[in-house]
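Read the sequence shown against our numbering and you will find it ends at 216, with the numbers running on by one and no gaps. Cβ atoms here follow ideal geometry from the backbone N, Cα and C, with glycine treated the same way. A short write-up of the structure that comes next.
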Amino acid sequence: MKDVILAIAGKPGLYRLVSRGRNMLIVESIDAAKKRMPAGDRDRVTSLNDVSMYTDDEDVALMEVFQNIYNTWEGKAVDIDIKHANKEQLADFMARALPNYDRDRVYPTDMKKLAQWYNILVNNGYTSFVEEETEAEAEAAAEGEGHADAAENAAE
Numbered sequence: 061m062k063d064v065i066l067a068i069a070g071k072p073g074l075y076r077l078v079s080r081g082r083n084m085l086i087v088e089s090i091d092a093a094k095k096r097m098p099a100g101d102r103d104r105v106t107s108l109n110d111v112s113m114y115t116d117d118e119d120v121a122l123m124e125v126f127q128n129i130y131n132t133w134e135g136k137a138v139d140i141d142i143k144h145a146n147k148e149q150l151a152d153f154m155a156r157a158l159p160n161y162d163r164d165r166v167y168p169t170d171m172k173k174l175a176q177w178y179n180i181l182v183n184n185g186y187t188s189f190v191e192e193e194t195e196a197e198a199e200a201a202a203e204g205e206g207h208a209d210a211a212e213n214a215a216e
C-alpha cells in the first residue's frame, strides 16, 4: 500500500496522510466525503503500518492480516454486523482471518476494529495491503546473500 493510512484516537474512521505541515499533519478521510483536516501534536495518530496483532508465535503486521482477510473473503467486505456481533461471531471471523491469533490478548473490541478498518479500506478501493517483492528485488537480495556467504568463507 503506497498511501500512509492513519488512525486518529477519538476520531472515527481512517485517514490518508496528504502532507506534513509545521507541527501537524494534513490528513484526508478515507470515505466518500474526502474531508481534509489537520492533526496536531496533541492528537494520538497511529500509522497502520506500525500496528501488529498478537499471535501464538510472533506478532503479525496488520497489513498482512488485512491481506489474509482480503484473500479469505475474495476481495469483498467482511459480512458480519460489527455493531451487533457476539463474541462467537467475532472469534470465528478472527479464526478465519488469522488462525493462530492469541486468544488471550486479542479482545473482541480489537476484532471489531479490525473488521471495521478492513471494510473501510476495501469499500474505498484499497486492495493491495502487502507490497509484493519484485523479481529484481528478490534477485538482488539473493545475490547479496551469496556475496555475504562468499565473504564469510573467504574470512575463514
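(1) When the distance is taken between beta carbons, is A99 closer than 9 Å to I65?
(2) Could you check if S107 is buried or exposed, using at least 16 other CB atoms within 10 Å of its CB as the buried criterion?
(3) Rounded to whole angstroms, what's the CA-CA distance from D141 to Y161? Just pull it up for me.
(4) Go ahead and pull the three-state DSSP assignment for V105.
(5) Give me the DSSP bridge partner(s) of S188.
(6) Which first and last residues belong to the alpha helix (DSSP H) in which P168 is found?
(7) Contact defined as beta carbons within less than 8 Å: I believe F126 pairs with Y178. What is the distance between those atoms, to the nearest angstrom?
(8) CB-CB under 7 Å to L122, same chain, minus the five flanking residues each way: which ones, in chain order?
(9) Where does L150 sit, in a helix, a strand or coil, going by DSSP?
(10) Can you look up L90 in the DSSP assignment and give me helix, strand or coil?
(11) Assuming I180 and I86 form a contact by the criterion Cβ under 8 Å, report the distance between their Cβ atoms to the nearest whole angstrom.
(12) Can you find the residues in the same chain that come closer than 8 Å, C-beta to C-beta, to G73, ignoring five residues on each side of it along the sequence?
(13) Helix, strand or coil for V138? Go by DSSP, reduced to three states.
(14) How big is the Cα-Cα spacing for K62 and L77?
(15) Return the CA-CA distance between T194 and E118, expressed in angstroms with no decimal places.
(16) Run the CB neighbour count on A157, radius 10 Å, all protein chains shown included, and call it buried at 16 or more, exposed below.
Taking the structure as given:
(1) Your numbering for residue 65 matches position 5 in the sequence shown. Your numbering for residue 99 matches position 39 in the sequence shown. Cβ atoms of I65 and A99: not closer than 9 Å.
(2) Residue 107 sits at position 47 when you count from the first residue of the sequence shown. Exposed: under 16 other Cβ atoms inside 10 Å.
(3) Walking along the sequence shown from the start, residue 141 turns up at place 81. Walking along the sequence shown from the start, residue 161 turns up at place 101. Taking the straight line joining both Cα atoms gives about 21 Å.
(4) Along the sequence shown, read from residue 1 onward, the residue named residue 105 stands at position 45. If DSSP states are grouped into helix, strand and coil, V105 belongs with the strands.
(5) Position 128 of the sequence shown, counted from the first residue, corresponds to residue 188. Among the bridge pairs identified by DSSP, S188 is matched with none.
(6) As a first step, residue 168 is located in the sequence shown; it is residue number 108 there, counting from the start. It spans P168 to N183 - the alpha helix (DSSP H) in which P168 sits, taken as one unbroken run.
(7) Here residue 126 is taken as the residue at index 66 of the sequence shown, counted from 1. Here residue 178 is taken as the residue at index 118 of the sequence shown, counted from 1. Contact between F126 and Y178 holds: CB atoms are separated by about 6 Å, below the 8 Å threshold.
(8) Taking the sequence shown and counting its residues from 1, one reaches residue 122 at position 62. Excluding sequence neighbours, L122 sits near L108, V111, S112 and M113.
(9) Stepping through the sequence shown from its first residue, residue 150 is reached at position 90. If DSSP states are grouped into helix, strand and coil, L150 belongs with the helices.
(10) As a first step, residue 90 must be located in the sequence shown, where it is residue number 30. One point to set straight first is that residue 90 is Ile, not Leu, in the sequence displayed. Coil.
(11) Here residue 180 refers to the residue found at position 120 when the sequence shown is read from its first residue. Here residue 86 refers to the residue found at position 26 when the sequence shown is read from its first residue. Actually they do not touch by this definition, with Cβ atoms about 19 Å apart.
(12) Here the question's residue 73 lines up with position 13 in the sequence shown. Spatial neighbours of G73 in its own chain (CB-CB distance under 8 Å, excluding positions within 5 residues in sequence) are listed in chain order as S89, I90, D91 and I180.
(13) The sequence position of residue 138 within the sequence shown is 78, counting from 1. Here V138 sits in coil by DSSP.
(14) To locate residue 62, count along the sequence shown from 1; it is residue 2. To locate residue 77, count along the sequence shown from 1; it is residue 17. If you take the alpha carbons of K62 and L77, they lie about 11 Å apart.
(15) Walking along the sequence shown from the start, residue 194 turns up at place 134. Walking along the sequence shown from the start, residue 118 turns up at place 58. Model confidence at T194 stands at a pLDDT of 45, short of 50, so the residue's coordinates are unreliable and nothing is read from them.
(16) Residue mapping note: residue 157 aligns to position 97 of the sequence shown, counting from 1. A157 should be labelled buried.
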